[in-house]
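Chemist: Questions regarding the structure given below will be posed in turn.
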Amino acid sequence: QRLYLIRHGVPFQDYPVSTSRYGIGNRDGSLKTPLGVHQVRRRIGEDAPLGTIFRGRANTGRIANILTTPETSPEDNITSRILWLDGLEEGVNRGGEVDAFQRFIYIHGTDEEGLIGQPASDGCVRMTNAAVIELFDQVPLGTLVVILE
1 QRLYLIRHGV PFQDYPVSTS RYGIGNRDGS LKTPLGVHQV RRRIGEDAPL
51 GTIFRGRANT GRIANILTTP ETSPEDNITS RILWLDGLEE GVNRGGEVDA
101 FQRFIYIHGT DEEGLIGQPA SDGCVRMTNA AVIELFDQVP LGTLVVILE
């Protein structure tokens, strides 16, 4: 449950994350985190305040109550920033019923920060809000993302 930012082949920064509470898997509807090579296809939320809530990838103008204890929120909000991933491996995370982009697989902030470090999402890769903002500022479109078990 770690994300490593690698520059020139060397780990530069690492962050605790949360992947799916349902495990690893690529099928549409599974709510599992897909493995394989992806790229950042869309970046959403630049300059939004920390904790901004997104619905359907649109800024709602609302700020989430961030839970720092290990509990679930009633809304399970996507917050602060979204890095929308596009799978690059046909039949693994691209195309048909395994397409990560069509499944809306993101790296994003969460209002459930107290659960970071353990599987807790519905397929996405969750980060603390400060960490996802920091990562967002360093990751351009097209950045490769490899999700390993």
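In the numbering used here, the protein residues as written are 1 to 149. Don't be surprised by glycine CBs; every beta carbon is placed ideally from N, CA and C.
Rounded to the nearest angstrom, what separates I44 and W84 at their Cα positions?
Modeler: Rounded to whole angstroms, I44 to W84 spans 8 Å at the Cα level.
Chemist: In the DSSP assignment, the beta strand (DSSP E) including A64 goes from what residue to what residue?
Modeler: Per DSSP, A64 belongs to no beta strand (DSSP E) and is neither H nor E.
Chemist: Have a look at L35 and R2 and give me their C-alpha separation to the nearest angstrom.
Modeler: Computed Cα separation, rounded: 14 Å.
Chemist: Over what stretch of residues does the beta strand (DSSP E) that includes F101 continue unbroken?
Modeler: That residue, F101, is in no beta strand (DSSP E); it is neither H nor E in DSSP.
Chemist: So the alpha helix (DSSP H) I133 belongs to, where does it begin and stop?
Modeler: Per DSSP, I133 belongs to the alpha helix (DSSP H) from 129 to 136.
Chemist: Have a look at D137, V145, D111 and flag the residue whose alpha-carbon is nearest the alpha-carbon of E71.
Modeler: Cα-wise, what sits closest to E71 is D111.
Chemist: Leaving out five residues on either side along the sequence, give the residues of the same chain with a beta carbon under 7 Å from the beta carbon of V139.
Modeler: If we look at V139 and ignore the five residues flanking it on each side, its Cβ neighbours are V40, L83.
Chemist: Following the continuous beta strand (DSSP E) through P16, name the residue where it begins and the one where it ends.
Modeler: Where P16 is concerned, the enclosing beta strand (DSSP E) stretches over 10 to 16.
Chemist: Provide the residue span of the beta strand (DSSP E) that contains R57, from first to last.
Modeler: From DSSP, R57 is part of no beta strand (DSSP E); its letter is neither H nor E.
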